[in-house]
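As structure tokens, the structure follows; a few thoughts come after it.
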Amino acid sequence: GGLRERVLTLVGARHGVPLPKIESLAVLPLENLSRDPEQEYFADGMTEELIANLGKVGALRVISRQSVMRYKRSEKPLPEIARELNVDAVVEGAVARSGGRVRITAQLIQANPEKNLWAETYERDLRDVLALQGEVARAIVQEIRVKLTPQEQVHLATTRPLNPEAHEAYLMGRYFWNKRTEEGFSKSIECFQRAIQKEPDYALAYAGLADSYVVLGSFGFRSPQEVMPKGKAAALKALAIDETLAEAHASLAMLKIDYEYDWLEAEREFQRAIELNPGYASAHQWYSQYLMARGRTAESLAENQRALDLDPLSPIMNSIYGWHLYFAGHDDEAIAQLRKTLEVNPDFPPAYFYLGLPYEHKGIYKEAIAKFEKALQLSGGGPIYVSALGHALGVAGRRTAAQRYLVVLEDLSRRSYVSPYDFAVVHAGLDHKDLVIAWLGKAYEDHSFRLIYLKVDPMFDPLRSDPRFQDLLRRMNFPP
662 GGLRERVLTL VGARHGVPLP KIESLAVLPL ENLSRDPEQE YFADGMTEEL IANLGKVGAL
722 RVISRQSVMR YKRSEKPLPE IARELNVDAV VEGAVARSGG RVRITAQLIQ ANPEKNLWAE
782 TYERDLRDVL ALQGEVARAI VQEIRVKLTP QEQVHLATTR PLNPEAHEAY LMGRYFWNKR
842 TEEGFSKSIE CFQRAIQKEP DYALAYAGLA DSYVVLGSFG FRSPQEVMPK GKAAALKALA
902 IDETLAEAHA SLAMLKIDYE YDWLEAEREF QRAIELNPGY ASAHQWYSQY LMARGRTAES
962 LAENQRALDL DPLSPIMNSI YGWHLYFAGH DDEAIAQLRK TLEVNPDFPP AYFYLGLPYE
1022 HKGIYKEAIA KFEKALQLSG GGPIYVSALG HALGVAGRRT AAQRYLVVLE DLSRRSYVSP
1082 YDFAVVHAGL DHKDLVIAWL GKAYEDHSFR LIYLKVDPMF DPLRSDPRFQ DLLRRMNFPP
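Using my numbering, read the sequence shown as starting at 662 and increasing by one per residue.
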């Protein structure tokens, strides 16, 4: 494993032989040379930051973190990895830090035929870690002869000294954020706050804080009123420090749509985020959700595809694509997409949840119920899965069983936040129209983000002609 032993023969590129065109790249997880497993997050974080730097280059498609992390300590041959990720070249390397210094070794390898194009070792003071990352990214870009726009040149050259403890706390925060669990988000908030204490003008740490609050609210772990205003404050602070931060624009866009139902402002922010960092896969994924909610189906699926080009193995992006195919009325394609996702990620609750929906829509209730049960079991009891199961049982005619899940939601709501939307979902399965309208009204007062899909969600088709439902759609401010 580790860095494959290679004789670095850098012939060819140096002797006038034209370089093959490299338009896509994967940065494989940098190896942690310190031998201390506690330092793993540092190597992972440096990998992620190098990806982020290279991702800002519009002429280059750079694979996102989630997809490359699957190859950590992988024994697979490089050409095979490159084929799976659909890239022309791979960067691999190692990182070590000791006594206030950090060292990165990196090499650029053409995938097919396999050939070393470049290798270099850099060492810097830990305070200058941003300059170090910029230098590595610039060297790679120079090596593959990609044309940079003036804005991209500025991006890759902008560096300032950074408090090493602040940087460490930031990397730790991203490590926990990437776990996408309630506990992970709570820990990431602590880490980002610690980073800000050490470095008050750390825009990326504010953006991380905004991401954590926004996702806590939109995953339904916390009441939107509790976390979304904090997310907004953090995103605005990040942008006040650095207006060019794509992550903060994307977070603000999510907030504008999920919490404030401000459609036009949200779209402006998404477009700004993507313009600033075309390689930021999450911005494409979130924008695709925005477009789907507005009923702009073809644009949404195209944006999904862009996210998947950048992060082909991401379980959440593959699942959302399946969900959107279902919203677009392609049940069979949705089922195929989600089954494929589960082959690679057999323990991912959202994929089972999204897979249950098209089965239920097709009237295959036994399959739908089994999928929702699996999501519920794997998630340890998330309200979104409880309500989906209750709804499916109701639609399948098992009314007593469905009623039981209303009781489960009530019990859960005594201990932690449960969105009124979840109660509406179970009542919809039982065809309690008045109660569905009442709970959706409460969800609106709560600023529940799931209301943004009211226009396209087949679950509420039986209510579309109800004037009270039409009134709710009006209040959601959908643009024409």
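Note that beta-carbon positions come from the ideal geometry of N, C-alpha and C, so glycine has one too.
Closest by C-alpha distance to residue i, when choosing among the options
i: D786; options: V807, A800 and A757; result: A757
i: A1029; options: L1016, G1041, Y951 and I724; result: L1016
i: V718; options: V751, P811 and Q966; result: P811
i: I765; options: L823, L1018 and V797; result: V797
i: V723; options: M730, Y732 and A713; result: A713
i: F621; options: A914, F837 and I1045; result: Residue 621 cannot be examined here, being either before or after the span of the chain that is shown, 662 to 1141.
i: A894; options: L694, F882 and S873; result: S873
i: A954; options: P890, M978, L969 and Y922; result: Y922
i: A827; options: Q854, Q950 and R799; result: Q854
i: D1095; options: E908, S961, D1127 and E781; result: D1127
i: F882; options: D1118, D1008, S1040 and R933; result: S1040
i: E699; options: K737, Y836 and L739; result: Y836
i: P1081; options: G1055, A1057 and L1112; result: L1112
i: V1068; options: H1088, S1109, D749 and A1057; result: H1088
i: Q803; options: E1034, K682, A968 and N773; result: K682
i: G1043; options: V1056, G1055, P822 and Y1066; result: Y1066
i: T958; options: I805, L793, V1047 and D1118; result: D1118
i: K1023; options: D749, I996, R1000 and S1109; result: I996
i: T820; options: L793, V1047 and L809; result: L793
i: L906; options: R967, K1116, N938 and R806; result: N938
Separation of residue j from residue i, as counted between CA atoms
i: C852; j: G706; result: 13 Å
i: Y948; j: G956; result: 12 Å
i: N980; j: E710; result: Looking at the sequence itself, residue 980 is Ser, so the reference to Asn does not match. Each residue's Cα considered, the two are about 25 Å apart.
i: R1075; j: L1037; result: 19 Å
i: I742; j: S728; result: 11 Å
i: S975; j: P885; result: 26 Å
i: R667; j: L691; result: Bear in mind that a pLDDT of 40 at R667, under 50, signals an unreliable position, so the number given afterwards is only what the model happens to contain. Those two C-alpha atoms are separated by around 16 Å.
i: A720; j: K1032; result: 41 Å
i: L1134; j: A1104; result: 13 Å
i: L1073; j: I857; result: 34 Å
i: R731; j: P1010; result: 19 Å
i: V763; j: N693; result: 11 Å
i: D903; j: D789; result: 19 Å
i: H1052; j: K733; result: 40 Å
i: A1049; j: L1018; result: 8 Å
i: L1124; j: K1027; result: 25 Å
i: F1084; j: L686; result: 46 Å
i: E843; j: E1106; result: 24 Å
i: E784; j: E813; result: 24 Å
i: Y920; j: K898; result: 18 Å
i: Q1131; j: Y1020; result: 27 Å
i: P1141; j: W924; result: 11 Å
i: G663; j: A704; result: Here G663 scores only 44 on pLDDT, less than 50, and its place in the model should not be relied on; the value that follows carries that caveat. G663 and A704: Cα-Cα distance of roughly 13 Å.
Residues bridged to residue i (per DSSP)
i: G754; result: A767
i: K898; result: DSSP lists no partner for K898.
i: A780; result: Q768
i: A1156; result: Nothing can be reported for residue 1156: it is not among the residues displayed for the chain, which extend from 662 to 1141.
i: R722; result: S685
i: E692; result: A755
i: R731; result: Its beta-bridge partners do not exist; DSSP assigns none.
i: R762; result: S759 and D786
Integer Cβ distance of residue i from residue j, believed to fall under 8 Å
i: A942; j: F931; result: In fact, because the Cβ distance is near 13 Å, the residues do not count as touching under 8 Å.
i: L715; j: P973; result: About 17 Å; that fails the 8 Å criterion.
i: T1002; j: G983; result: 6 Å
i: V751; j: L832; result: Actually they are not in contact, since the Cβ atoms of V751 and L832 sit about 22 Å apart, beyond 8 Å.
i: R1129; j: I1098; result: 5 Å
Residue i and residue j closer than 8 Å at C-beta
i: L791; j: L778; result: no
i: V1086; j: M1120; result: yes
i: L1070; j: V1079; result: yes
i: L865; j: I850; result: no
i: A661; j: S879; result: The structure shown does not extend to residue 661, since the chain is modelled only from 662 through 1141, so no value can be given for it.
i: A818; j: G795; result: yes
i: A868; j: E829; result: no
i: M627; j: V875; result: An answer regarding residue 627 cannot be provided, because it is not within the stretch 662 to 1141 covered by the chain.
i: A934; j: H910; result: yes
i: L952; j: E936; result: no
i: A767; j: G754; result: yes
i: V739; j: E775; result: The sequence given here places Leu at residue 739; Val does not occur at that position. Yes.
i: H985; j: L971; result: no
i: F846; j: L823; result: no
i: Q998; j: A968; result: no
Within-8 Å CB hit, residue i to chain C
i: G956; result: As a matter of chain content, chain C is missing from the structure shown, which is built from one protein chain.
Closer than 7 Å: residue i CB and nearest the ligand MG heavy atom
i: G834; result: The ligand MG is absent from the structure shown, which contains no ligands of any kind.
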